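Under my numbering, think of the first position of the sequence shown as 372, with each following residue one higher.
Notes follow the structure.
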Amino acid sequence: MVVRFVVGSVISWNAEEGWGVLVSDEVESEIFAHFSELVVDGYRSLQPGQVVRFECEHFPSGQDGYGYRANNIRLVD
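The following block contains the structure:
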């Protein structure tokens with residue numbers, strides 16, 4: 372399993388279900404993100420357009436149809 376830190380942005384977020392999709396120029400496809408991986412104060416949610424830094428994990432068996440998932444997601448100031 373290869374994990375690397377990358378910077379990307381939120382392209383969609385479903386606050387009701389607690390997950391969304393990130394993209395990064397450093398990763399060839401979209402990345403699954405779950406609210407439990409957000410490192411933020413208060414309510415854990417993101418908005419499309421926000422810039423984030425995260426550990427990108429290649430997940431060959433797929434995470435809800437995505438080949439990558441984000442861990443340790445933090446907002447970039």
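Beta carbons: idealized from backbone N, C-alpha and C, even for Gly.
Source: prediction; values computed, not measured.
Is the CB-CB distance between residue i and residue j below 8 Å?
i, j, result
"Gln-418", "Leu-446", "no"
"Ser-416", "Ala-386", "yes"
"Val-374", "Glu-408", "no"
"Trp-390", "Phe-403", "yes"
Whole-angstrom Cβ separation of residue i and residue j, contact assumed at under 8 Å?
i, j, result
"Arg-424", "Val-378", "5 Å"
"Asn-443", "Val-410", "6 Å"
"Gly-433", "Ser-400", "So it is not a contact: roughly 11 Å between Cβ atoms."
DSSP has residue i in a bridge; who is on the other side?
i, result
"Val-422", "Ser-380"
"Val-374", "Glu-428"
For residue i, which residues in the same chain have their Cβ closer than 8 Å to its Cβ, ignoring the five residues on either side in sequence?
i, result
"Val-398", "Val-377, Gly-379, Cys-427, Tyr-439"
"Ile-455", "Given that the chain is displayed from residue 372 to residue 448, the structure contains no residue 455 and the question cannot be resolved."
With a CB to CB cut of under 7 Å and the five nearest residues on each side skipped, what residues in its chain are close to residue i?
i, result
"Phe-406", "Gly-389, Trp-390, Arg-415, Ser-416"
Once you ignore the five residues that flank residue i on each side, which residues in its own chain have a CB closer than 6 Å to its CB?
i, result
"Gly-435", "Per the sequence shown, residue 435 should be read as Asp rather than Gly. The answer, listed in chain order, is Phe-403."
- For the stretch 382-444, which segments carrying the beta strand (DSSP E) assignment without a break, of at least 3 residues, lie completely within its bounds, in sequence order? 390-394, 402-405, 422-434
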